[in-house]
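Q: Can you keep this structure in mind? I'll have questions shortly.
Number of protein chains: 2
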Amino acid sequence: MKKLDYEKLLMIPGPTMVPNTVLTSMANPIIGHRTKQYSELLEDTVEKMKKVFMTKNDTYFITGSGTSAMDMAISNTVDKGDKVLTITNGNFGERFYNIAKVYKADIIRLENEWGDCAKPEQVKEILDENPDIKVVTIIHNETSTGVRNPIEEIGNIVKDYDALYVVDTVSSLGGDYVDVDKFNIDICVTGSQKCIAAPPGMAAISVSEKAWDVINKTETKSFYLDINAYKKRYESKKETPYTPSVTLTYAMNEALELVLNEGLENRFKRHEKLAKATRAGLEAMGIELFAKEGARSVTVTSAKYPEGIKDSEFRGLLADKYGILVAGGQAQVSGKIFRVGHMGMAKEHHILGTLAAIEMAFKELGCDVDSGIDAAKEILKI
Amino acid sequence: MKKLDYEKLLMIPGPTMVPNTVLTSMANPIIGHRTKQYSELLEDTVEKMKKVFMTKNDTYFITGSGTSAMDMAISNTVDKGDKVLTITNGNFGERFYNIAKVYKADIIRLENEWGDCAKPEQVKEILDENPDIKVVTIIHNETSTGVRNPIEEIGNIVKDYDALYVVDTVSSLGGDYVDVDKFNIDICVTGSQKCIAAPPGMAAISVSEKAWDVINKTETKSFYLDINAYKKRYESKKETPYTPSVTLTYAMNEALELVLNEGLENRFKRHEKLAKATRAGLEAMGIELFAKEGARSVTVTSAKYPEGIKDSEFRGLLADKYGILVAGGQAQVSGKIFRVGHMGMAKEHHILGTLAAIEMAFKELGCDVDSGIDAAKEILKI
């Protein structure tokens, strides 16, 4: 195998750069997963995860991508014909829709324009008209469009109905404000590789009492993702039902420790500041942001390509000449937007370097943009 | 978090000890998973995996435990009411049974005594009586009992029927002889953490043409484990459908490289030799082996406790005083047997040290066993 080039700056919306102490924790020898040692490690990691979720709810880790937790949330609560409201305004909202389809839900699809956020009053209307909705799904931070959905406001509505509130916080948790209990989130799912800044491969899920009541009445439709097996094994032995990723447990424990050491409040402020600086920088360059004002993510910024810029050329130049990876658009906005991730361990200098390189790349491709650096500096110096 | 004690010798049947070059590969920075670099890494790893599977069949990695691949094998081939023959003689055979139950298969259960292996002629009889069997499941190496099932002989029978042949080689592949194509295995599943000696958290699956024909006619019953998504993404972009465990891809690539460098033949011979030495040592001590002669695994040895020995005391002493982890029995043989894993990177000195420590522990617990070292040495010096 050819030597890999590990030197690229990951300004993509995940996986994000992982601190060295987290990376090197995985170079430690393997311990047995049916030992008191592993149980203690797992319990400690779960307790840290609960603090980051801000929840008292049961919390489990899954050896899998973030999508495995999304699947677990739906397959354990939705039976054939059950009414599900999927709030979509991007590719990951679509994913919940597609998962619900596999389990043959009767789906009400509330679709907002890509680039805009969900509207709480629309959710209320649909719930009033359909009191038999069993599950409402939403993405907190729609990674594909750089949009933040108002999950607190919507949670405040859903809590007065029978429906479970299922929220994907894969690309926000640990970077943007999420309080699972205060927001009335029944099932919250997240991944290791975004704002928590651990490597990809582990997902987490929290489950409220209200959710357990539904799960207990739902048919088991998956073996690997049957949440009852996770509950049973964790409650009896503080273990996982199947062999867990031991090294990713090391990494998650260490990464969550770093998140808590920085402090959630500080972390939210840092992400907010980096987002503002990125937006200000791009706008000063004359680049139009994609997500609407008031709907913008604090962990990923989406922007429209200026006329004449080709996605592959721009991102190729940025990667090859300046060593920076940013993301393109997905699905219906493919080729039309680019996305800059500023989550996890992102720092001021990453934003400044990236903004300057974006400017240089656009100029090299014949698009005469202004400099965005001064505008970003104004934000970052505060 | 309390400092972990990484110094225990893992003589359990997985996860196994991981070579330092594999462990440290995971301390490398994360690369983007939607980059040419990752695609090249994945393709290289898949090609190595195919060599270890000895197959030309399509091969995919799943971010998940070995069980995720077992689930994928069944959920993608078995619809409600489909006839499945599950060959069981231990806890992992039971797992296939339990997975098939979740998908509401019409299950024929061929159960052999725990400690004994499956009988090819019984499989033939059942297939003759039930030509509508769609899937036959078997565990190559039944980790829970230390038994090896005759998968080549059974494969030679199943190939003449319509049924798919689904084989779990989680605790044998890379240590015991498995030739997916020669053995007519339609779906072969394995895990990273046993004989391949990578950390746990990644599973692999191979799929024959005959299996694709069935998969194409089977209802999609899982989102995360829908194999069509893996096929589509790999064929179009050499990517995974959902964010993969990047660090475990590093580790698998490196671990498979070490397997191929040692050579599969050499690796099989080493495992065979270590197994023989372990058995000879235990028998010389006066310990009765659990698995029947002719049915014994080359990657894990199971043995009955002498009268009066308590499982928790014995394994506790071995772990705390001698720093060696061995496994106890599962389910119906819990407390009655212990299991010594000798897979992956296990070497002669591990066997010798473990046999001597087992002898010392038994003596300390009041059971006057003989020494097994000389018998083991006789085997190992060859």
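In order, the protein sequences belong to chains Z and V. First residue of the first sequence: 1, per full-length UniProt numbering; consecutive thereafter. First residue of the second sequence: 1, per full-length UniProt numbering; consecutive thereafter. In this text, a Cβ means the ideal position worked out from N, Cα and C, and glycines have one as well.
In three-state terms, what does DSSP make of GLU43 of chain V?
A: Residue state, collapsed to three classes: helix.
Q: Beta carbons nearer than 7 Å to chain V: which residues of the region 153-173 of chain Z have them?
A: Listed in sequence order: no entries.
Q: Enumerated in chain order, which unbroken segments of the beta strand (DSSP E) with a length of 3 residues or greater are wholly contained in the region 114-172 of chain Z?
A: If we require 3 residues or more, the beta strand (DSSP E) runs fully inside the region 114-172 of chain Z come out as 133-139 and 164-168.
Q: Rounded C-beta distance between SER222 of chain Z and SER222 of chain V? I'm assuming under 8 Å.
A: Indeed, because the Cβ distance is near 6 Å, the residues count as touching under 8 Å.
Q: To the nearest angstrom, how far is the alpha carbon of LYS292 of chain Z from that of LEU282 of chain Z?
A: Going by the C-alpha atoms only, they are around 14 Å apart.
Q: Could you tell me the boundaries of the beta strand (DSSP E) in which LYS304 of chain Z lies?
A: 300-304 is the span of the beta strand (DSSP E), which, as asked, contains LYS304 of chain Z.
Q: Considering only their Cβ atoms, is the gap separating GLU378 of chain V from VAL22 of chain V smaller than 7 Å?
A: Not a contact, by the Cβ cut-off of 7 Å.
Q: Are three or more beta carbon pairs between the region 362-373 of chain V and the region 21-39 of chain V nearer than 8 Å?
A: Counting Cβ pairs under 8 Å, fewer than three are found: no touch.
Q: Does the beta carbon of ILE205 of chain V come closer than 7 Å to any beta carbon on chain Z?
A: Closer than 7 Å: no.
Q: On the criterion of 16 or more Cβ atoms from any shown chain inside 10 Å, does LYS237 of chain V qualify as buried, or is it exposed?
A: Exposed, because fewer than 16 other Cβ atoms sit within 10 Å of the Cβ of LYS237 of chain V.
Q: For ASP132 of chain V, which residues in the same chain have their Cβ closer than 7 Å to its Cβ, ignoring the five residues on either side in sequence?
A: Hits under 7 Å: LYS83.
Q: Closer than 7 Å, CB to CB, is ILE12 of chain Z near chain V or not?
A: Output row for ILE12 of chain Z: interface = yes.
Q: Whether or not the region 87-97 of chain Z and the region 136-144 of chain Z are in contact is what I'm after, with contact meaning three or more pairs of Cβ atoms, one per stretch, closer than 8 Å; do they touch?
A: Verdict: yes, contact present.
Q: Check each candidate in Z:GLY328, Z:ILE185 and Z:LYS124 and name the one with the smallest Cα separation from ASN57 of chain Z.
A: Taking only the C-alpha atoms, the option nearest ASN57 of chain Z is Z:ILE185.
Q: Buried or exposed: which applies to SER171 of chain Z, given that a residue is buried once 16 or more other Cβ atoms fall within 10 Å of its Cβ?
A: SER171 of chain Z comes out buried.
Q: Using the Cα positions of ILE74 of chain V and ILE205 of chain Z, report the straight-line distance between them to the nearest angstrom.
A: Using only the alpha carbons, I get a separation of about 25 Å.
Q: Would you mind sorting TYR230 of chain V into buried or exposed? The rule is 16 or more other CB atoms within 10 Å of its CB.
A: Classification for TYR230 of chain V: buried.
Q: State the start and end residues of the unbroken alpha helix (DSSP H) segment that holds ILE99 of chain Z.
A: Run containing ILE99 of chain Z: 91-102, per the alpha helix (DSSP H) assignment.
Q: Can you tell me which residues form a DSSP beta bridge with ARG109 of chain Z?
A: DSSP lists Z:THR86 as partners of ARG109 of chain Z.
Q: Does the separation of the CB atoms of GLY341 of chain V and MET11 of chain V fall below 7 Å?
A: Yes, the pair counts as a contact, with Cβ atoms nearer than the cut-off.
Q: Using beta-carbon positions only, say whether TYR161 of chain Z and LEU127 of chain Z come within less than 7 Å of one another.
A: Yes, they are a contact pair.
Q: What first and last residue would you give for the beta strand (DSSP E) that runs through TYR60 of chain V?
A: Here the beta strand (DSSP E) through TYR60 of chain V covers 58-63.
Q: Could you tell me whether the Cβ atoms of THR354 of chain V and GLY175 of chain V are closer together than 7 Å?
A: Not closer than 7 Å, so no.
Q: Whole angstroms are fine: how far does the CA of SER39 of chain Z sit from the CA of GLU239 of chain Z?
A: Cα to Cα, the separation comes out at about 6 Å.
Q: Near TYR234 of chain V, what residues of its chain come up, given a Cβ to Cβ distance below 7 Å and the 5 sequence neighbours on each side ignored?
A: The residues are TYR60.
Q: What does the Cβ neighbour count give for GLN193 of chain Z, buried or exposed, with the cut at 16 atoms within 10 Å?
A: Buried.
Q: Could you work out which residues of chain Z lie near GLN193 of chain V, taking near to mean beta carbons separated by less than 7 Å?
A: The answer, in chain order, is THR243.
Q: Does any C-beta atom of chain Z lie closer than 7 Å to the C-beta of ASP79 of chain V?
A: Closer than 7 Å: no.
Q: Give the residues of chain V in contact with LYS377 of chain Z, contact being defined as C-beta atoms less than 8 Å apart.
A: Per Cβ cutoff of 8 Å: no residues; LYS377 of chain Z is ~28 Å from chain V at best.
Q: Name the residue from V:ALA346, V:GLU348, V:ASP311 and V:PRO200 whose alpha carbon lies nearest to the alpha carbon of GLY335 of chain V.
A: Per the Cα distances, V:ASP311.
Q: In chain order, what are the residue ranges of uninterrupted beta strand (DSSP E) at least 3 long that sit wholly in the region 240-319 of chain V?
A: 300-304, all fully within the region 240-319 of chain V.
Q: Please report the distance separating the alpha-carbon of GLN332 of chain Z from that of PHE338 of chain Z.
A: Straight-line Cα distance between these residues: approximately 13 Å.
Q: Within the 7 Å Cβ cut-off, does LEU365 of chain Z reach chain B?
A: In the displayed structure, chain B is absent; the protein chains listed are Z and V.
Q: Determine the burial state of TYR97 of chain V: buried for a count of at least 16 other Cβ atoms within 10 Å of its Cβ, exposed for fewer.
A: When all chains shown are included, TYR97 of chain V counts as buried.
Q: Considering only residues of the region 307-379 of chain V, which uninterrupted beta strand (DSSP E) runs meet the minimum length of 3 residues and lie entirely inside it, listed in chain order?
A: Those beta strand (DSSP E) runs which fall completely within the region 307-379 of chain V and span 3+ residues are 337-341.
Q: How is MET72 of chain Z classed by DSSP in three states: helix, strand or coil?
A: If DSSP states are grouped into helix, strand and coil, MET72 of chain Z belongs with the helices.
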